[in-house]
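*Asks:* Below are the structure tokens for one structure; questions will follow.
Numbering (our numbering), first residue to last: 2 to 240.
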């Protein structure tokens, strides 16, 4: 129809809001037009000697290194954690960086694989109702990475800004738990212990736990068990 033709003739806007950086540009371009930190700076108060009122908020690279500016992460571990900050970020990208009218462009938005379904609903609500975009598609970041190479099948390894704090490395290495039927192969636990041991820092304590009950069949509460122990058995076997 006419509405569909109107925005399909104009390049869609592609946006990737990551934990560390936000990238945005137009479909068909070789690289993003915009790359900035996924941060929003909110002034707590203006200094007494400053008679010129500054902006209500700052975005990404424009955030001054001032003590009266509080910095907020829009995304943490790939998941949106501050929707007000995200709306400010989108507004800045549309109007200040790309200098477009969002109601004239379809939007392709990337999404983390583990992002809650409700986050997609909230994104759609903000973009359709708040910015008046004519069309929206939300796709997993990993899927978009695969398509960008001209492939539809592959193993995607995505390494972003998120990290495992050094302080808990030893605790994780000391508690490696095997699960699943394939882990029942003879020698599987020993092989895991050996291979991870080669990669672990020296003097790290390494423990691999391979419970004989890691098959689901051992988790069933049998009638015999119920008759012997009563209803309290569900607290021991079910979790």
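Note that CB positions come from ideal geometry on N, CA and C, so glycine has one too. Please read all numbers here as calculations on a predicted model, not as lab measurements.
Please give the ranges of any alpha helix (DSSP H) in the stretch 81 to 106, keeping only runs that are unbroken, at least 4 residues long and fully inside the region.
*Replies:* 84 to 93
*Asks:* Measure the C-alpha to C-alpha separation of residue 42 and residue 175 and round it to an integer number of angstroms.
*Replies:* Roughly 40 Å separates the two Cα atoms.
*Asks:* With a threshold of 16 other CB atoms inside 10 Å of the CB of residue 100, please say whether the residue is buried or exposed.
*Replies:* exposed
*Asks:* What residue range is occupied by the uninterrupted alpha helix (DSSP H) comprising residue 157?
*Replies:* Careful: residue 157 lies outside any alpha helix (DSSP H) and carries neither H nor E.
*Asks:* I need the straight-line Cα distance from residue 30 to residue 66, nearest angstrom please.
*Replies:* 33 Å
*Asks:* Using only alpha-carbon positions, find the residue among 166, 89 and 114 that is nearest to residue 79.
*Replies:* 114
*Asks:* Between the beta-carbon of residue 18 and the beta-carbon of residue 39, is there less than 7 Å?
*Replies:* Yes; because the gap between Cβ atoms is below 7 Å, this pair is in contact.
*Asks:* Tell me, please, which residues DSSP counts as bridged to residue 150.
*Replies:* DSSP output for residue 150 lists no bridge partner at all.
*Asks:* Residues in the same chain with beta-carbon distance under 6 Å from residue 16, minus the five sequence neighbours each way, listed in chain order, please.
*Replies:* 25 and 110
*Asks:* Pick from 74, 195, 177 and 200: whose alpha carbon is nearest that of residue 86?
*Replies:* In terms of Cα proximity to residue 86, the closest of 74, 195, 177 and 200 is 74.
*Asks:* Does DSSP put residue 52 in a helix, a strand or coil?
*Replies:* Legend: pLDDT at residue 52 = 48, less than 50; position of this residue unreliable, value from coordinates given subsequently. It is coil, neither helix nor strand.
*Asks:* Comparing alpha-carbon positions, which option in 138, 28 and 184 lies nearest residue 212?
*Replies:* The alpha carbon of residue 212 has as its nearest neighbour, out of 138, 28 and 184, the alpha carbon of 184.
*Asks:* Hey, residue 20 and residue 81 are a contact pair by Cβ (cut 8 Å); roughly how many whole angstroms apart?
*Replies:* That belief does not hold up - the Cβ atoms of residue 20 and residue 81 are roughly 10 Å apart, past 8 Å.
*Asks:* Got a sec? Which residues, its chain only, sit under 8 Å from residue 201 by beta carbon, not counting five neighbours each side?
*Replies:* 174 and 207
*Asks:* Excluding the five sequence neighbours on either side, which residues of its own chain have a C-beta within less than 6 Å of the C-beta of residue 193, listed in chain order?
*Replies:* 209
*Asks:* Does the Cβ of residue 61 have 16 or more other Cβ atoms within 10 Å, making it buried, or fewer, making it exposed?
*Replies:* It counts as buried.
*Asks:* Under a Cβ-count criterion, where at least 16 other Cβ atoms within 10 Å of its own Cβ denotes burial, should residue 49 be classed as buried or exposed?
*Replies:* Here the model assigns residue 49 a pLDDT of 49, short of 50, so the residue's position is not dependable, and the following value carries that caveat. Its Cβ having fewer than 16 others within 10 Å, residue 49 is exposed.
*Asks:* What residue range is occupied by the uninterrupted beta strand (DSSP E) comprising residue 24?
*Replies:* 22 to 27
*Asks:* Per DSSP, what are the beta-bridge partners of residue 185 in this structure?
*Replies:* BP columns for residue 185 are empty, so no partner.
*Asks:* Can you have a look at residue 116 and say buried or exposed, based on whether 16 or more other CB atoms are within 10 angstroms of its CB?
*Replies:* buried
*Asks:* Among 123, 168, 27 and 32, which one has its Cα closest to the Cα of residue 88?
*Replies:* 123
*Asks:* Residue 130: which of 141, 103, 153 and 11 sits nearest, CA to CA?
*Replies:* 103
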